[in-house]
Amino acid sequence: GVWERSYTYSLTDSFLKYVLFMSNLLFTVLGLVVLGVGMWGLINKESFAQEKIGSLGTDPMLVFVMLGLVLTVLCLSGCVGALRENCCLLRLFSAAVLVLITAQVLAAILAYSLQGQIGSYLRSGMLAAMVRYQDDLDLRFITDEIQSSLQCCGADNYRDWEINIYYNCSAPGVLACGVPATCCVDPLENGTVWNSQCGVGAQQLDEFSAQSVIFLGGCLGGISRWIEQHSGLIGTTVIIILAVQILTLFITTRLLDSIQWHKANSIYSNSG
1 GVWERSYTYS
11 LTDSFLKYVL
21 FMSNLLFTVL
31 GLVVLGVGMW
41 GLINKESFAQ
51 EKIGSLGTDP
61 MLVFVMLGLV
71 LTVLCLSGCV
81 GALRENCCLL
91 RLFSAAVLVL
101 ITAQVLAAIL
111 AYSLQGQIGS
121 YLRSGMLAAM
131 VRYQDDLDLR
141 FITDEIQSSL
151 QCCGADNYRD
161 WEINIYYNCS
171 APGVLACGVP
181 ATCCVDPLEN
191 GTVWNSQCGV
201 GAQQLDEFSA
211 QSVIFLGGCL
221 GGISRWIEQH
231 SGLIGTTVII
241 ILAVQILTLF
251 ITTRLLDSIQ
261 WHKANSIYSN
271 SG
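Have a look at this one:
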């Protein structure tokens with residue numbers, strides 16, 4: 001005869017098992033999407049080319065690749081573990097979630113205790129991005145996104161672009177003493193054509209003349225205003241993410257206990 005284990009789970013345990021399976025399946029797909037975006041970014045910029053492999057370590061797209069990989073492996077172990085009732089995979093999954101929760105709580109405490117220094121870190125990061133603006137596509141994209149969405153220019157003000165060798169007033173070429181087009185109040189001429197030259201010579205203008213052409217305010221002020229305005233939303237999002245992870249940990253632990261209990265008290269039924 002064929003002997004098989006038949007576990008009879010309570011309705012709650014069965015429900016929790018499929019909730020865990022479905023949520024992990026969803027996050028596995030999300031992980032694969034993030035991984036795909038990262039890989040597409042690296043391939044698109046030819047970061048794997050022989051001459052660029054050295055700077056691969058500093059590529060922001062690598063963050064997407066790592067994040068996607070971790071998310072996929074982690075959620076896949078939870079997904080398969082829940083479906084196959086595999087204690088090993090579920091233990092691995094719950095340990096990883098516990099590490100994640102701990103890391104996030106520590107990061108939040110660290111961010112809170114370094115509140116004063118965050119501004120100076122942001123400033124040095126922004127200035128570093130501005131220095132490498134012409135040479136690094138990722139940094140250019142991030143800087144442009146910040147400037148156009150927050151309607152700002154430079155770190156503290158528009159004259160910060162002096163730090164870039166191409167926009168420096170002593171530089172040869174058309175960009176000298178200018179600012180990027182994303183600093184412009186109206187970079188679209190007649191609402192249709194993108195005018196990449198709209199910021200030319202802007203650093204030579206006094207503030208009164210410049211305000212009709214470019215945004216005068218720096219992005220650091222814009223970032224802190226944005227954080228202040230959205231602090232409630234940011235806080236709520238962080239709490240929800242943390243709560244979901246704690247709930248996932250609780251469900252996984254409950255399911256593990258249930259599987260182990262059923263294995264210990266397994267009923268063998270002769271089915272043949």
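According to the UniProt record's numbering, the sequence shown holds residues 1 to 272 in order.
Note that the Cβ used here is the ideal one computed from N, Cα and C, for glycine as well.
- Under the three-pair Cβ rule at 8 Å, the region 88-97 does not count as touching the region 230-241.
- The Cβ atoms of Ile163 and Met130 sit closer than 8 Å to each other.
- Linking Ile142 to Gln204 through their CA atoms gives a straight-line distance of about 25 Å.
- In this structure Gly201 does not touch Gly222 by the C-beta definition: roughly 23 Å separates them, more than the 8 Å allowed.
- Separation of Met39 and Leu69 (C-alpha to C-alpha, rounded to the nearest whole angstrom) is 11 Å.
- Counting only the Cα atoms, Glu145 lies some 27 Å from Ile239.
- Contact check for Thr102 against Gln147 fails: the beta carbons are separated by 8 Å or more.
- Straight-line measurement puts the Cα of Glu85 at about 12 Å from the Cα of Asp13.
- Contact between Thr252 and Ser94 holds, since their C-beta atoms are separated by about 4 Å, short of 8 Å.
- Distances from the alpha-carbon of Phe27 to those of Leu188, Thr72, Val244, Ile109 put Thr72 closest.
- Less than 8 Å separates the beta-carbon of Val185 from that of Phe215.
- Ranked by Cα distance from Gln229, the first of Leu150, Ser170, Gln197, Val34 is Leu150.
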